[in-house]
Amino acid sequence: NAGVTQTPKFRVLKTGQSMTLLCAQDMNHEYMYWYRQDPGMGLRLIHYSVGEGTTAKGEVPDGYNVSRLKKQNFLLGLESAAPSQTSVYFCASSYPPSRSSYNEQFFGPGTRLTVL
Amino acid sequence: GIQVEQSPPDLILQEGANSTLRCNFSDSVNNLQWFHQNPWGQLINLFYIPSGTKQNGRLSATTVATERYSLLYISSSQTTDSGVYFCAVERGNYQLIWGAGTKLIIKP
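Protein chains in written order, with the numbering used here: chain G, 1 to 116; chain W, 1001 to 1108.
Structure (structure tokens):
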């Protein structure tokens, strides 16, 4: 049981290049999330998904696209990377909240991305 | 939008000391969670506490929802407690809004 894994762990891009970050979870969670963390700040939600084939915008979605083709995977794409996208990216997953439970999110180890 | 403020921003303590971290939020929230980010960057969920008090070993948390604040208590600090402590609140649509964190350093 690996939990939430992220690929790659580190990446350096040049401005204008594209890349895809992969998040995988083996806990059969319905919900998945992509966050970014900048120095001295908490996490900010980029996009999230409440189920296979669905995605929604979070707090800071501009410059990113996502896809959830399989329940266990959530992909984050940067079509044309910019220096402002230099950050640490975290993926998380959770069960659907219900009246008797809450949205406990489990986090991956993060991907450190630098855009030159 | 909702604002989440944490204090103090930095805290340096000797091993064995006690500490209190505070989280203020600007509006009513559905949920509130405390996280620990260790020095290697891993995020660990400590408490889900929209109201009331909970304890887990040397850590405890209290949320007073009517006054819009939460407190995280760490007793008998250990060096492994070092890292950044985040408070995050949920405002609906499953979106967590995070504070900027309290960086805690425990010296041996």
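Note that beta-carbon positions come from the ideal geometry of N, C-alpha and C, so glycine has one too.
Along the region 48-62 of chain G, where does the CB come closer than 9 Å to a CB of chain W? Name the residues. Y48, V50, A56, G58 and E59
Going by C-alpha to C-alpha distance, which of L1011(W), S1075(W) and T1102(W) sits closest to A1017(W)? Taking A1017(W) as reference, the option from L1011(W), S1075(W) and T1102(W) with the minimal CA-CA separation is S1075(W).
Answer yes or no: do Q17(G) and F90(G) have a C-beta to C-beta separation smaller than 8 Å? no
Give the range of the beta strand (DSSP E) segment to which T1020(W) is assigned. S1019 to F1025
So, is F10(G) buried or exposed, given that buried needs 16 or more other C-beta atoms within 10 angstroms? Looking at its Cβ environment, which holds fewer than 16 other Cβ atoms inside 10 Å, F10(G) is exposed.
Please list, in chain order, the chain G residues whose beta carbon lies closer than 8 Å to that of G1099(W). By Cβ distance, chain G contributes G42.
Check whether the Cβ of N1045(W) lies closer than 8 Å to any Cβ atom in chain G. yes
Does any residue of chain W have a CB that is nearer than 8 Å to the CB of R99(G)? For R99(G), the pLDDT reaches just 46, beneath the cut-off of 50, and the residue's location in the model is therefore unreliable, although a value from the coordinates is still provided. So, not an interface residue.
Would DSSP call H1100(W) helix, strand or coil? The identity of residue 1100(W) in the sequence shown is Ala, whereas the question assumes His. If DSSP states are grouped into helix, strand and coil, A1100(W) belongs with coil.
Taking the CB atoms as reference points, tell me whether H47(G) and S93(G) lie closer together than 8 Å. no
Taking contact to mean 3 or more Cβ pairs, one atom from each stretch, closer than 8 Å, check whether the region 1066-1083 of chain W and the region 1014-1032 of chain W are in contact. By the Cβ test, the region 1066-1083 of chain W is in contact with the region 1014-1032 of chain W, since at least three Cβ pairs between them sit closer than 8 Å.
For G1125(W), decide whether its Cβ has a neighbour in chain G, counting only Cβ atoms nearer than 8 Å. Missing from the structure shown is residue 1125(W); chain W here goes from 1001 to 1108 and no further.
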